[in-house]
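Trainee:
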Amino acid sequence: MASYNDEQVLSKLSALNETQEGIMTAAQWIMFHRRSAKRTAELWLQRLKESTAHKKLNLIYLANEVVQQSKARRKIDFVVAFSPIIPEACEIAYKGAPPEIQNKIKRVIQVWRERSIFEVVTQGTIEKRLDDVDHGKSGPSSGAGARKFGGGGLFGGSLGGGSLSGGGTSNVPLEFTPIINSHKGLQTKLSSSTIAVGMANTEYQKQFDTDTLPVPPVYAARLSSLLKTLDNAHIAVKGAIEAREAHIRNLEKLLQASKKALEIEKDKFNDITEKRQKTESTKVEVEMMILRDMEESKNNGGDGMDISHGNHTSTSPDDLKSPEIEALTPPHQISFEPPPPPSASEAHHQHSIAPAVPPEPHVFHQGASELLASLSAPLNGGGLKREKREDVNMFEGLDDDVADMFRNDAQMSGQSTNKRMKIEDDDEYHP
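If you number the sequence shown the way my numbering does, the last residue is 1269 and the count never jumps.
1. For A1095, which option in E1013, E1123 and R1060 has the closest C-alpha, if you only look at C-alpha atoms?
2. Check each candidate in L1068, T1032, V958 and T890 and name the one with the smallest Cα separation from G934.
3. For S849, which three-state DSSP category applies?
4. What number of angstroms, rounded off, separates the C-alpha of Q906 from the C-alpha of F916?
5. Which two residues bound the contiguous alpha helix (DSSP H) that contains L956?
6. CA-CA distance, V1053 and A1059?
7. Return the chain-ordered list of same chain residues with a C-beta closer than 6 Å to the C-beta of Y842, the five sequence neighbours on each side being excluded.
8. Would DSSP call G860 helix, strand or coil?
9. Identify, in the order they occur along the chain, each residue of the same chain with its Cβ nearer than 7 Å to the Cβ of L848, setting aside the five sequence neighbours on each side.
10. So the candidates are A1038, K1097, K1104 and S852; which of them puts its Cα closest to the Cα of I1073?
11. Please report the straight-line C-alpha distance between L883 and P937, rounded to a whole angstrom.
12. By Cβ distance below 7 Å, which residues in the same chain neighbour P978 in space, the five residues on each side in sequence not counted?
13. Should A1071 go down as buried or exposed, given a rule of 16 or more other Cβ atoms within 10 Å for buried?
14. Please list, in chain order, all residues of the same chain as N1028 whose beta carbon is under 6 Å from its beta carbon, the five residues on each side excluded.
15. For V1056, report the span of its alpha helix (DSSP H) as first-last.
16. In the DSSP assignment, find the alpha helix (DSSP H) that holds S908 and state where it starts and stops.
17. Is it right to say F1046 is buried, meaning 16 or more other beta carbons lie within 10 angstroms of its own, or is it exposed?
18. Along the chain, where does the alpha helix (DSSP H) that runs through P843 open and close?
19. With a threshold of 16 other CB atoms inside 10 Å of the CB of K897, please say whether the residue is buried or exposed.
20. Round the Cβ separation of I924 and A901 to the nearest angstrom and send it over; I've been treating them as touching at under 8 Å.
21. Go ahead and pull the three-state DSSP assignment for D972.
22. Provide the residue span of the alpha helix (DSSP H) that contains E1013, from first to last.
23. Classify T1050: buried if its beta carbon has 16 or more other beta carbons within 10 angstroms, exposed otherwise.
24. Output the distance between the C-alpha atoms of G1023 and R1114, rounded to the nearest integer angstrom.
25. Taking just the CA atoms, how far does E926 sit from V946?
26. Unbroken alpha helix (DSSP H) runs of length 4 or more, entirely within the segment 911-956: which are they?
27. Please classify D1049: does DSSP put it in a helix, a strand, or coil?
28. Note down, in chain order, each residue of its chain lying with its Cβ closer than 7 Å to the Cβ of W950, except the 5 sequence neighbours on either side.
29. DSSP three-state call for S979: helix, strand or coil?
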């Protein structure tokens, strides 16, 4: 195997192809230099950021082969080295990649979860980052991925990458912001702590789980290096503890604020309940008052009550009388009375001015009353001509004086009728 240096590592990563043989060959070379696992992981992330989408997928395959082989051989150097950077690397490789490559990356992450390659916190962070990328997309490429990693991610829960806001913090309520920030800080501290503790345990096993001890000077130098590693692990674990305590304090603050808000809501509820009871009792009292007033008005025999103003108004007995109704009687009929017969003097006067007529033979005639009735009867359509024809025989059998009187009356009535017609025709005054 060639010596290890940065140029060699970058050269191997650049020459990586997508074949199974090429990935396994590069993985074997990297695993041989496991003492430089941390530096290899750093260079791997640097090359991944500079590569194309297909090259990024090959680098993900290489990391998968390295960490799985290390896990199978119970050598966790590379698992510890890749844990802090693998969430960021997966996000970089996933973001902006074609859907086909995204699905392949998801399949690799699913295998890590099924085989428990990384710690729970690291696995959850990976899934959360991919979930955030899917929620930030608006194109069709976010369909299947968003359903697979949506919500709380594959692992679920806050430790599994589930965001308290459902993917992103843009719409998070203000009171949850400190909790989300402390939760993110806690995840970072836990990742660093996990790596530091893993490296410290590995170095400790190397120095104390061996049957042969090196020479004292070498052994002293290794113990000094182990102390530094243990100090780093101590600091990392202490930072994780402080981050956890800060997160708990934020949770307690939110809990206390929620309890105070609960007390305020209970006070509001009690106040509204008291006001409602008072309103209901007052309503019942008013209704009972109305009923009592109505009973009193009935007992007083006719005293009314003005409900709209709540005042009593007295009613006089005259106002309680029913209105008078006009009797339905037929209208009065005007009785017609025939004009009285002319007096003897008028008849004598008319007879004196009438022309002399030779006497006619006396014949039997009808009574005067029948004659008057025939004169007062209405004329039909052809009665005028018949009257003229029978005018000669109308007065047959009467005395000459009486006949002359009737003739004069008929002439006078005809003249007055003609005079009215003339006035109506020419609309002029005729004296």
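Beta carbons are placed, not taken as given, at the ideal position from N, Cα and C, and that holds for glycine.
Mentor: Taking the geometry as given:
1. Here residue 1095 refers to the residue found at position 257 when the sequence shown is read from its first residue. When only C-alpha atoms are compared, the closest one is E1013.
2. On the sequence shown, residue 934 is found 96 positions in, with the first residue counted as 1. With distances taken between Cα atoms, G934 lies closest to T890.
3. Position 11 of the sequence shown, counted from the first residue, corresponds to residue 849. If DSSP states are grouped into helix, strand and coil, S849 belongs with the helices.
4. What you label residue 906 is simply residue 68 of the sequence shown in a count that begins at 1. What you label residue 916 is simply residue 78 of the sequence shown in a count that begins at 1. If you take the alpha carbons of Q906 and F916, they lie about 9 Å apart.
5. On the sequence shown, residue 956 is found 118 positions in, with the first residue counted as 1. Here residue 956 turns out to be Phe, not Leu, going by the sequence shown. Counting along the chain, F956 falls outside any alpha helix (DSSP H), and DSSP gives it neither H nor E.
6. Taking the sequence shown and counting its residues from 1, one reaches residue 1053 at position 215. Taking the sequence shown and counting its residues from 1, one reaches residue 1059 at position 221. Between V1053 and A1059, the C-alpha separation is close to 10 Å.
7. Looking up residue 842 in the sequence shown gives position 4. Cβ neighbours of Y842 beyond the five flanking positions: H871 and S874.
8. As a working mapping, residue 860 is identified with position 22 in the sequence shown. In this structure, G860 counts as helix in the three-state DSSP scheme.
9. Numbered from 1 along the sequence shown, position 10 holds the residue referred to as residue 848. Once the five neighbours on either side are set aside, the close Cβ partners of L848 are L881 and R885.
10. By 1-based counting over the sequence shown, the position of residue 1073 is 235. Nearest C-alpha to I1073: A1038.
11. The residue you call residue 883 lines up with position 45 of the sequence shown. The residue you call residue 937 lines up with position 99 of the sequence shown. The straight-line gap from Cα to Cα measures roughly 22 Å.
12. As a first step, residue 978 must be located in the sequence shown, where it is residue number 140. At P978, the pLDDT of 38 sits below 50, so the modelled position is not reliable and the matter cannot be decided from this model.
13. Locating residue 1071 in the sequence shown gives position 233, counting from the first residue. The residue is buried, with at least 16 neighbouring Cβ atoms inside 10 Å.
14. If you number the sequence shown from 1, residue 1028 lands on position 190. At residue 1028 the sequence reads Leu, which differs from the Asn that was named. Closer than 6 Å at Cβ, skipping near neighbours: V959 and A1078.
15. Here the question's residue 1056 lines up with position 218 in the sequence shown. Note, V1056: alpha helix (DSSP H), P1054 to N1137.
16. Looking up residue 908 in the sequence shown gives position 70. Counting along the chain, the alpha helix (DSSP H) containing S908 begins and ends at A891 to A910.
17. Here residue 1046 corresponds to residue number 208 of the sequence shown, with the count starting at 1. Counting Cβ neighbours within 10 Å, F1046 comes out exposed, since fewer than 16 surround it.
18. Taking the sequence shown and counting its residues from 1, one reaches residue 843 at position 5. Per the sequence shown, residue 843 should be read as Asn rather than Pro. Where N843 is concerned, there is no enclosing alpha helix (DSSP H), given that its DSSP letter is neither H nor E.
19. Locating residue 897 in the sequence shown gives position 59, where the first residue counts as 1. Correcting the residue type first, residue 897 is Leu in the shown sequence and not Lys. Buried, by the Cβ-count rule.
20. As a working note, residue 924 is residue 86 in the sequence shown. As a working note, residue 901 is residue 63 in the sequence shown. Confirmed, about 7 Å.
21. Translated into positions along the sequence shown, residue 972 becomes position 134. Three-state result, D972: helix.
22. Counting from 1 along the sequence shown, the entry for residue 1013 is found at position 175. No alpha helix (DSSP H) contains E1013, which DSSP labels as neither H nor E.
23. Taking the first residue of the sequence shown as 1, we reach residue 1050 at position 212. Looking at its Cβ environment, which holds fewer than 16 other Cβ atoms inside 10 Å, T1050 is exposed.
24. By 1-based counting over the sequence shown, the position of residue 1023 is 185. By 1-based counting over the sequence shown, the position of residue 1114 is 276. Roughly 49 Å separates the two Cα atoms.
25. Residue mapping note: residue 946 aligns to position 108 of the sequence shown, counting from 1. Residue mapping note: residue 926 aligns to position 88 of the sequence shown, counting from 1. Looking at the two C-alpha atoms, the distance is approximately 15 Å.
26. 915-920, 924-932 and 937-953
27. Counting from one through the sequence shown, the residue named residue 1049 turns up at place 211. DSSP places D1049 in coil when its eight states are reduced to three.
28. Counting from one through the sequence shown, the residue named residue 950 turns up at place 112. Taken in chain order, the residues that qualify are F956 and Q961.
29. Residue numbering aside, residue 979 sits at position 141 when the sequence shown is read from its first letter. Model confidence at S979 stands at a pLDDT of 39, short of 50, so the residue's coordinates are unreliable and nothing is read from them.
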